Each structure stands twice: as structure tokens, then as C-alpha cells.
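Heads up, the final residue of the sequence shown is numbered 813 in the numbering used here, and it's a clean run with no missing numbers.
For every residue, glycine included, the Cβ atom is placed at its ideal position computed from N, Cα and C.
Bear in mind that the values here come from a model prediction, so they are computed numbers and not experimental data.
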Amino acid sequence: MAADHTRSFWGYPVPIKGPYHPYKAEKNSNPALRGWILVPATYVMEYIRPVREYIWANAGFSSLRDIRLDIEHYEPLHDPTVVPLDHKGPQANGNGSNQATTSRANIGLDGSSTSASSSSSSSSSNDNKDLEDHGLSTAPSPPPSKPLLSPNVYYSASTYRNLYLAGELTPTDVANALLPLIRRDIEPKGEHHLYFFDSKADLVLQAAEASTQRYRENRSLGPLDGVPCAVKDEYDVEGYKSCLGSVNDYTAEPRESTDSEGITNWLVTRLLAAGVVLIGITSMHEFGLDTTGNQPVYGTPRNPFHAGYYTGGSSSGTGGAVGLGLIPIGLGSDGGGSIRIPASYCNVFGLKPTHNRLSFYPGENHCNSCAVLGPLACDIESLAQVFEAIAEPHPTSVFAAPLVPRLPPAREMLTVQRHSGKKLGIVRAWFDDCAPAVRQLCHGMVDRLVAERGYEVIDIDIPFLKAGQSAHALTVLTDASTLLPEYGNLTWANRILLALGRTARATDYVLAQKLRRCLVTHLSYLWTQHPGLLIVTPTTACAGWPIRSGASSSSSAESSFVSSLFSELRYGVSDGDRTMESMRYVWMANLCGLPSISVPAGFASATGDGERVFGEDETDEREKVPVGLMATGEWAAEKLLLEFGVEAEVVGRRVAQDKDNGKAKVKGFAGAGVRPARWVDVVELARAQKRSREHVF
């Protein structure tokens with residue numbers, strides 16, 4: 117029976133089944149530009165409008181006119197905000213479904229809830245055993261006398277906390293180990309400074325020492341106290357500049373009405389209140405306008421698994437730093453996959469929340485019809501802990517209204533409820549329009565979720581998926597072009613994109629917003645028919661993004677004049693077809709305001725650009741690139757997505773462990789928690805430095 121969701125939300129789209137318009141795979145044929153050729157190409161795009169219009173049409177942006185008769189009767193939708201409501205008073209669910217699972221909770225900094233007791237369906241004994249086996253127990257555990265550190269997985273936020281509670285390390289020890297690796301204000305620069313835009317050693321050590329003192333005095337603030345963290349160069353933070361990956365300084369000025377609060381972003385304030393040690397500001401693709409992480413201004417961070425690949429963007433530094441093991445948690449932003457794409461490319465978890473759930477306050481959202489802020493983490497438990505800390509809405513947020521249910525604590529969000537109706541929706545033709553290795557790995561992950569975790573696959577239809585991606589790209593480019601009218605000192609590739617954005621006609625823009633309305637009403641129809649449905653796809657259609665020119669790290673190659681002329685690392689890259697391929701699935705959550713999560717699904721071989729998975733006959737771990745699986749949920753369904761993340765992590769780690777133990781040979785085995793060959797063992801570095809200091813004294 118169809119569920120009536122309109123009474124559980126404010127702004128919930130009227131459920132209307134959209135026109136039948138099946139997805140057809142098509143290949144684009146736009147030229148890729150890299151190196152010095154970008155310079156003359158930029159001036160051609162900026163000054164010769166017929167060229168811009170040709171590229172505009174060839175990229176498919178004018179295709180919305182082809183479906184005008186199908187969508188002209190829809191009202192334009194510019195803001196996809198949908199807010200969950202609780203009409204029953206104190207009871208709330210916060211998970212986007214009609215199943216009441218928790219009471220209204222005020223989340224405390226120690227990770228506890230100040231609410232009355234909650235009621236939720238308990239997990240089966242098998243589920244609980246799986247959670248415990250994979251380090252995901254929701255019950256608080258006492259500090260171990262000697263924490264067990266697996267040689268095969270990342271160090272999570274809980275790993276650091278257990279080390280601190282046991283007295284084996286302190287936050288100051290960890291900070292002292294990290295700073296020499298990431299600083300770019302010293303000579304020689306830190307080995308991994310390219311992942312970071314800036315790091316203030318005095319601020320880092322001050323925060324670390326304060327956390328260390330709290331642990332000494334047994335007054336820790338909770339599960340994130342002392343955990344190293346970093347945020348994208350899009351967040352305003354007191355004491356740091358904000359440049360958005362450019363040469364320009366966009367640091368906010370305090371508002372007169374909020375002078376006492378300073379400029380620090382609300383989410384960063386929440387994390388600092390939870391005790392995290394902010395070790396720096398991470399690199400980003402300039403203005404977040406592409407999905408590589410290419411950074412000609414400050415240097416391009418390399419993929420943790422393959423140095424010849426990008427980390428993905430635009431939250432490139434955060435994704436790479438988490439994937440490399442430098443930090444277990446970090447913050448990014450997502451206007452077109454900019455959290456989920458780096459998560460996929462770097463083999464970590466990334467959550468794009470419901471539109472407007474997380475506040476930009478006191479700053480502004482300059483792409484406020486598509487962009488959100490959100491977390492990345494090395495494991496699902498850490499992701500939930502960060503999300504709990506930052507999801508407390510600012511008082512100015514619509515999500516802070518009295519009837520809006522608060523999210524439950526992380527341990528409840530991670531509680532997998534064994535019940536019927538765990539549904540995965542798949543648009544077959546859309547899902548399969550990706551590289552062969554991506555298709556094989558993601559189908560394999562779905563098959564294991566069905567076989568081992570009780571999910572059911574439902575075939576669904578969503579209209580105008582090709583046109584929808586064009587509508588999203590058109591919207592973002594047009595917004596950016598109005599925001600950045602002065603473009604003379606921007607990177608060449610972005611100047612081409614902005615010139616393209618200035619080509620948009622008003623009628624095209626309005627058609628894009630009409631199509632947005634068509635899509636959200638159809639999606640609401642799907643969720644009334646299938647409550648709790650998660651739409652699953654690969655995160656990206658491609659297996660990573662290789663650096664085609666200038667990737668050599670040898671001094672002779674980099675110093676060569678000829679080589680530098682063709683280097684995309686020096687001049688940039690403009691490859692619209694690859695960009696659209698990387699965004700083939702992620703755009704829908706942004707355009708429609710939906711929450712979405714990327715989880716690790718396995719590894720493709722770096723040879724062949726996604727043609728085959730990474731197999732047992734390949735022993736060089738540096739020749740594989742990660743692939744992600746993505747689930748997209750109904751508005752405010754973050755809890756269901758985190759539950760899905762738990763299930764996916766359990767399945768992925770089990771496959772990886774079976775392979776390590778010789779019990780199974782699964783090609784391209786699921787990669788949750790698998791370390792890259794270049795992984796940085798921060799804990800061992802901190803221990804070694806601590807032993808050295810103790811030996812001296």
C-alpha cells in the first residue's frame with residue numbers, strides 16, 4: 117500500500133508519476149584540452165560566442181528544448197529543500213520513513229542523548245555479531261589495556277579514542293607526528309603537504325594539548341575528542357584564510373550582528389566543541405567546478421592508491437587525506453558529487469546530506485540550489501559520529517524548527533534493523549552505463565547485499581535521466597557565472613567553464629528548473645509506492661580519473677620545457693566528457709535535494725581505464741584504483757543510508773578478510789577499510805616519536 121508522506125514533511129513534492137522516458141546510453145564527443153593549449157582555447161571561448169554556442173549544444177545543454185512539451189506544464193523548482201516534521205509531538209524518527217524509531221533527542225557533545233528513552237526495533241543476533249566482528253558495536257566499550265590495531269584496516273576515530281583512553285598516546289603525540297608531514301610553511305615542505313592548503317602549527321598544538329589535558333583529568337568530551345580532522349578550503353575558520361582553491365582571498369568578514377561569534381563555520385564550531393583537533397585546511401579544486409582535484413595554483417594531491425590518478429574533487433584534499441590515513445575524518449562540500457566522488461576514488465565513505473540540513477552559517481551557500489556540506493570518513497562508524505556532531509542545526513536553520521525531529525545519536529543511527537522492506541531500486545540501463553569493471557564490482561556488491569544482508573532489488577524507472585544531468589550542470593554553471601564575473605586571475609579550465617555558463621539562455625535555465633520539479637514529483641511517487649527505497653548506482657561511471665600528462669615525478673621530466681608545456685598539472689585540464697562521466701549518477705541527489713552515500717565497492721585495474729577489475733594475478737598493489745557504490749535515499753533518510761553503510765562495510769570487510777585468509781578468491785574484492793600501498797601509519801609514527809622522546813629523557 118502506498119504511504120502518505122506529505123503529512124510527515126514540509127515541502128514534500130506532490131507524488132506524480134512522470135512521463136515514461138527510458139534511459140539510452142549515448143557517448144559524447146567533446147574535445148579534451150590539457151596543457152598550454154588551454155590558454156588560446158580560453159580566449160577563443162571568452163571572445164567568440166558562436167564557438168561557445170557550438171560547445172554548449174554539443175555538450176547537450178540545449179537538449180532540454182527537445183523535451184519542452186513533456187515538462188512545460190511543471191512549475192519551476194529552484195529550492196529542493198524538504199523538511200521532516202513530527203505531528204505527534206515529542207516522538208520523532210528523523211530517518212525519512214514512517215517508522216517511529218527514536219524519541220526526540222538533543223545531542224550532547226559526549227555523544228549521549230538527553231532525551232527520554234527511545235523505542236526502536238532491535239537487530240537480530242546475527243546482525244549484532246556482524247557489527248561486533250567488524251568494530252561497529254553500538255554499545256560503549258571500556259578502554260582496552262592494549263588496543264588491538266588491525267594491520268589491514270584504517271585507524272578510525274574510535275581507534276584514536278581508545279589509544280587516548282588507554283594512555284598509549286595523547287592527542288599531542290598525534291599532532292606532533294602529523295604536522296611535519298602536512299605543513300607547506302616549512303622547508304622542505306611536508307611530504308604530504310599537497311593535500312593541505314594550510315596548517316597553523318600553533319593552533320593545532322594548542323587544541324591538541326587542551327584535549328590531552330582533558331584526558332588526563334578524565335573529562336573527555338566524547339568520541340571525537342582529540343581525533344585529528346581537517347576541513348575543505350571552503351569553510352571559514354578563525355585564524356585561517358579561505359581561498360576556495362584560488363589565488364583570491366575570500367575570507368569572510370564578521371557580520372555586525374554576529375561579531376561575538378566570529379567567522380567560523382557552524383559545522384566546524386560543532387566539531388571543535390566535540391574536541392576534534394583541526395590539523396588544517398585541505399586542498400580543493402578551484403571553486404569546486406570540476407571533479408578531478410587538479411590544482412595548478414597550489415599543487416595537485418595524488419590518489420592514495422595510484423599516484424598517476426587524481427583524488428577526485430572538488431573535496432580533493434579531504435578525500436585524499438582520509439584515504440591516505442593522515443586523518444580518519446574530514447569535512448567537504450557537495451554541489452555535484454564533490455564529497456562522494458573523492459570518497460569513491462579514495463576508497464572511503466562520504467555522505468551528502470539532505471539539502472539545507474547542515475548550515476553554512478555564518479557564511480553563505482553560493483550554490484544554494486544544489487550544494488551542501490558534509491563529512492567523509494575512513495569507516496562508517498566515524499562517519500556517523502561526525503554527522504551526529506555537525507547535524508545539530510543552527511538556530512537560524514529551518515531544520516531547527518520545533519516540529520523538526522532531531523537525529524538520534526550515532527550509535528542508534530548505526531543500529532541495523534532487521535525487518536522486511538529493505539529495498540534497493542535500480543534503473544537497469546542507467547546502472548549499467550559505466551566502465552565494465554565498475555559495472556562488475558557494483559553488481560557484485562549488490563548481489564552480496566541481497567544474499568547476505570536481506571535486501572530486495574526492485575526495478576524502477578526514472579524519466580529524463582540524461583536531460584536531468586544536463587539540467588544540473590546548466591544550473592551549477594549559470595550560478596557560478598553570476599558569482600564570478602571577474603575571472604581574469606582564475607585557472608584556464610575554469611575560465612572555459614565560466615564562459616560556457618555565460619552562454620545559457622534564460623529559457624534553458626527555466627526549463628532546467630521545470631525538469632527538477634518533474635523529477636522530484638516522480639521520485640516522491642516512487643517513495644510513496646516503496647517506502648524506505650534506496651536507489652543504488654555506481655558512484656561514478658568511470659574507474660577513477662588518470663592524470664594523462666605531467667604525472668611523472670622525476671626531476672628530469674618535470675624540468676623539461678617541452679614536458680611542462682603539455683602538463684595538465686601545470687596548466688590544468690578541460691575534459692567535459694570525462695567530467696560528465698564522473699557525474700553520471702551523483703547529480704540527481706544535488707538537483708533534487710536528496711541524501712546520498714558512497715561506500716567502497718572494490719578495485720579496478722589501473723591498466724585499461726576501467727576495462728577490468730583488479731585480479732588475483734596482479735600483485736602490484738599500486739596498480740589498482742578504488743570503485744564506489746552509491747545509495748540515494750528519500751529526503752531526510754540519512755539514518756537509512758548509514759544503516760546501508762554498515763551493511764556494505766560488513767560485506768566488504770568480510771570479503772577482504774576471506775581473501776586475506778585464503779578462504780576465497782574474489783576478483784576486485786570489496787575494499788572497505790583496505791589500506792593503500794602508500795598508507796601513512798600515523799599511530800606508529802606517533803609511537804616512535806614518543807619512544808624517542810622518552811629515551812632522551
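Query, Result
"Please report the Cβ distance between A505 and A390, rounded to the nearest whole angstrom; I am assuming they are in contact, meaning their Cβ atoms lie under 8 Å.", "5 Å"
"I'd like to know if V741 contacts chain D, where contact means its C-beta is closer than 7 Å to some C-beta of that chain.", "Chain labels in this structure do not include chain D; a single protein chain is all it has."
"Go through its chain and collect everything with a Cβ distance to G541's Cβ below 6 Å, but skip five positions before and after it.", "I574, I576, L649, I651"
"Report yes if the CB atom of A507 is closer than 7 Å to the CB atom of L523, and no otherwise.", "yes"
"Tell me whether the region 597-604 and the region 580-589 touch, counting them as touching only if at least three CB pairs, one residue from each stretch, are closer than 8 Å.", "no"
"Buried or exposed for P477, please, with buried defined as at least 16 other CB atoms from any protein chain shown within 10 angstroms of its CB.", "Rather than Pro, the amino acid found at residue 477 in this sequence is Tyr. Y477 should be labelled buried."
"Given a threshold of 16 other Cβ atoms within 10 Å of its Cβ, counted over all protein chains shown, does A173 qualify as buried or as exposed?", "exposed"
"Would you mind reading off the limits of the beta strand (DSSP E) that contains C345?", "344-348"
"In angstroms, rounded to a whole number, what distance separates the CA positions of F719 and I164?", "43 Å"
"In the structure shown, what three-state DSSP assignment does M746 receive?", "strand"
"Relative to the C-alpha of G617, which candidate in E169, Y159, R791 has its C-alpha closest?", "E169"
"Output the boundary residues of the beta strand (DSSP E) element that contains T653.", "650-654"
"Decide if P138 is buried, meaning its Cβ has at least 16 other Cβ atoms within 10 Å, or exposed.", "exposed"
"For P469, which residues in the same chain have their Cβ closer than 8 Å to its Cβ, ignoring the five residues on either side in sequence?", "V488, L489, G490, F503, A507, P711, E754"
"Shortest alpha-carbon distance to G448 belongs to which of Y426, R418, V384, V413?", "V384"
"Out of curiosity, what's the CA-to-CA distance linking E528 and T416?", "39 Å"
"With DSSP as the reference, label L627 as helix, strand or coil.", "helix"
"Could you check which residue in L337, L388, G338 has the C-alpha nearest to that of E354?", "L388"
"Which residues does DSSP list as the beta-bridge partners of A720?", "V729, V741"
"Note down the Cα distance separating P509 from S475, rounded to an integer number of angstroms.", "7 Å"
"Going straight from the alpha carbon of Y190 to that of Q501, what length do you get?", "40 Å"
"What is the rounded straight-line gap between the Cα of S606 and the Cα of R632?", "In the sequence as presented, Ser is not what sits at residue 606; that position holds Leu. When rounded, the distance between both Cα atoms is 30 Å."
"Are M561 and A717 close, meaning C-beta to C-beta below 7 Å?", "yes"
"Which residues in the same chain as D246 place their Cβ atom closer than 7 Å to its Cβ, once the five residues preceding and following it in sequence are excluded?", "Note that D246 has pLDDT 48, beneath the 50 cutoff, so the model's placement of it is unreliable and the number below is only indicative. For D246, where only same-chain residues beyond five positions count, the Cβ hits under 7 Å are V766."
"Could you tell me the distance, in whole angstroms, from the CA atom of N849 to the CA atom of I496?", "A question about residue 849 goes unanswered here, because the residues of the chain that appear run from 117 up to 813."
"Considering only the alpha carbon of each residue, which of D725, P792, K740, A705 lies closest to L757?", "A705"
"What does a CB cutoff of less than 6 Å around W795 pick up in its chain, not counting 5 residues either side in sequence?", "G441"
"Between which two residues does the alpha helix (DSSP H) carrying A582 extend?", "Before going further, note that residue 582 is Lys rather than Ala in the sequence given. Per DSSP, K582 belongs to the alpha helix (DSSP H) from 581-599."
"Would P129 be called buried (16 or more neighbouring beta carbons within 10 Å of its own) or exposed?", "buried"
"As an exercise, report each continuous alpha helix (DSSP H) stretch of at least 4 residues that is fully enclosed by the region 376-439, in chain order.", "382-389"
"So what's E496 in DSSP terms, helix, strand or just coil?", "Just to set this straight, residue 496 is Ile in the shown sequence, not Glu. Looking at I496 - three-state DSSP - the assignment turns out to be helix."
"Can you find the residues in the same chain that come closer than 6 Å, C-beta to C-beta, to K357, ignoring five residues on each side of it along the sequence?", "D365, T367"
"In the DSSP assignment, what are the bridge partners of E572?", "K539"
"Could you spell out the range, first to last residue, of the beta strand (DSSP E) harbouring G466?", "465-468"
"Does the Cβ-Cβ distance between S362 and H401 come in under 7 Å?", "no"
"Between the Cα of L295 and those of L319, E284, A273, spot the shortest distance and give me the residue it belongs to.", "L319"
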